[in-house]
Amino acid sequence: MDEKNLLLRHLPKVDECLAMLNRRGLSQPAVLLKHVVQQVIEEERARILAGEAASGHKTPEQWEDLFAKRFAERMRGNFRRVINGTGVVIHTNLGRSILSKTTSDALVQAAGYYSNLEFDLDSGKRGSRYSLVEDLLCLLTGAEAGLVVNNNAAAVLICLDTLTHGREAIVSRGQLVEIGGSFRIPDVMAKSGARLVEVGATNRTHLYDYERAINEQTALLLRVHTSNFRMIGFTSEVSAEEMVSLARKHGLTTMEDLGSGSLVDFSPFGFPKEPTVQEIVRAGVDVVTFSGDKLLGGPQAGIIVGKKEIVAAIKKNPLNRALRIDKFTLAALESVLRDYLDTDQALTRVPTLAMLTVPLDVLKKRARRLLGRLRPRLAGSCTVSLERTLSRVGGGALPEFNIDSWAVVLAPQAMTVNTLEKRLRQLFIPVIGRIENDRFLLDVRTIQDCELAEVAQLLGDFFAGGER
Ligand SMILES: *Cc1c(COP(=O)(O)O)cnc(C)c1O
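The opening residue of the sequence shown carries number 960 in the numbering used here; numbering runs sequentially from there.
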């Protein structure tokens, strides 16, 4: 008890600490400095009360160090660039897709200058922001019309709301998926006011299951891509073509949530065959939704393409105003869609596509270069080697599918691999990797060539003890 009280009484006063920091030239921004001092003292108080504080009180120098360290952390900015050494190309936690230089420039231009966002340069009258990308979407997907909203979850919401008006939507039990980040198809459907009618068994749904469920309350037949979930074994689902012909027979609308939705067929690169957006449009599905920042490799967006009357009705839905995209997204999206006008060009220019299709020998060379830079810097503190590894697509696309890749493997001598992983996350530019078999792996698929020197420098400084 006594010891606790003594420690509490020795906690410094905020004003005195600020005065001390001022004398050492630390005074701005005053609001943040004061907040940091209060927070550090409060944390120490809580530790003392919990009986977790070290015995003996801290010297002024120790306090100053604590304040200065925390202050530096807070001045660094919360939103930070990281190095992605995980090999997961569409890593939702690390920002999904990254953009090319040209696309980033388009975004910067939209930010720093006025634009024709909603201004028709021909007539001099008010224009529509969607018209800036609609022609490209139609050209690339073969659809009659298109619209873009905040993300694919929003696209699904506004489509269901517009198309069902509280009536029934029929969906296969095998497609009632949770995508992660609390996106569950049944929950989104409930929010949209659509009444969900589940048909089929978990593993198998047949056309007659849909047909039997159709009644005068039915508005929509819906197909959902199962994304990060895969059923194997005795399974079957109704194809888009079958669903369309059934819907036509009964005068119903069809919708498909493609999730990742790609404009490029990746099967020539050894990936499992997935339907492209164009194929689903060609199958006659009335409205198709997909993400802008998954396999498309663009900014966060929800892209809706489909029949003219249907897209027109979605555009008029008041929700559209609430879910609309900003000018930065539009600028970036137009730039990415232009890359797709030539598929070969898209495969090299869109970073997500380039990372997914980069040849294995290029990855091996990249890994060798990183190894060459690391070896001399890390000698004596860490064993470094090369190893074949497996990357993932991520973003819920092609789950369970592994892509051959190369990694630089670190085995530290003076710390555990868990400590290494944690400390590298705390670097000035955090380096994120994977732990496998008690070693730390950096998969070079997701590390850009221009980042290799930086990674070597960061790791070199870290092992040399130069990194705080
Ligand atoms: C990822 C995904 C969504 C959500 O898309 P966001 O762009 O993240 O909002 C919806 N449906 C499916 C099938 C998905 O894979």
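Backbone N, C-alpha and C fix where the C-beta goes; we use that ideal spot for every residue, glycine too.
Around the beta carbon of I1262, a 10 Å sphere encloses 16 or more other beta carbons of the protein chains shown; the residue is thus reported as buried.
With contacts defined by Cβ atoms closer than 8 Å, A1128 and V1156 form a contacting pair.
Remark: fewer than three beta-carbon pairs, one from each stretch, lie closer than 8 Å, so the region 1286-1299 and the region 1114-1124 are not flagged as touching.
By the criterion of at least three beta-carbon pairs nearer than 8 Å, the region 1217-1224 is in contact with the region 1239-1250. Beta-bridge partners of E1157 (DSSP): V1130. Ranked by Cα distance from N1043, the first of V1343, C1409 and G1392 is G1392. Cβ-Cβ distances below 6 Å link D1079 to G1086 in the same chain, with the five nearest sequence neighbours on each side left out; the list follows chain order.
Annotated three-state conformation of E1137 is strand, per DSSP. Collapsing the DSSP output to three states places D1301 in coil. Look at T1212 here: in three-state DSSP terms it is strand.
In this structure, the CA atom of F1038 is about 44 Å from the CA atom of A1178. V1047 carries a strand assignment under DSSP once its states are collapsed to helix, strand and coil.
Here V1158 is near A1172, since their CB atoms are less than 8 Å apart. According to DSSP, P1371 shares a beta bridge with C1341. Just so you know, the alpha carbons of G1265 and S1340 end up roughly 58 Å apart. For G1086, the three-state secondary structure derived from DSSP is coil. Contact annotation, R1004 with L970: C-beta distance approximately 6 Å; criterion of less than 8 Å satisfied. Between P988 and the set T1307, A1031 and E962, the nearest pair of CA atoms involves A1031. For A1112, the Cβ falls inside the 7 Å cut-off from some heavy atom of ligand 1. With fewer than 16 neighbouring CB atoms inside 10 Å of its own CB, S1014 falls in the exposed class. Of the residues V1352, T1342, A1412 and A1291, the one whose Cα lies closest to the Cα of L1076 is A1291. Remark: three or more beta-carbon pairs, one from each stretch, lie closer than 8 Å, so the region 1343-1363 and the region 1044-1051 are flagged as touching.
Taking C1097 as the centre and dropping the five residues before and after it, the same chain places the C-beta of E1103, A1104, G1105 and V1264 closer than 8 Å to its C-beta, in chain order. Per DSSP, the beta bridge partners of F1399 are L1369 and I1394. Of the heavy atoms belonging to ligand 1, none sits nearer than 7 Å to the Cβ of F1360. Only residues of its own chain outside the window of five on either side were considered, and among them V1368 have a CB closer than 6 Å to the CB of S1344, listed in chain order. Under the Cβ criterion (8 Å, minimum of three pairs), the region 1189-1207 does not count as touching the region 1063-1071.
Closest in alpha carbon position to F1225, among K1208, V1240 and T1311, is T1311. Rounded to whole angstroms, the gap between the alpha carbons of L985 and A1070 is 33 Å.
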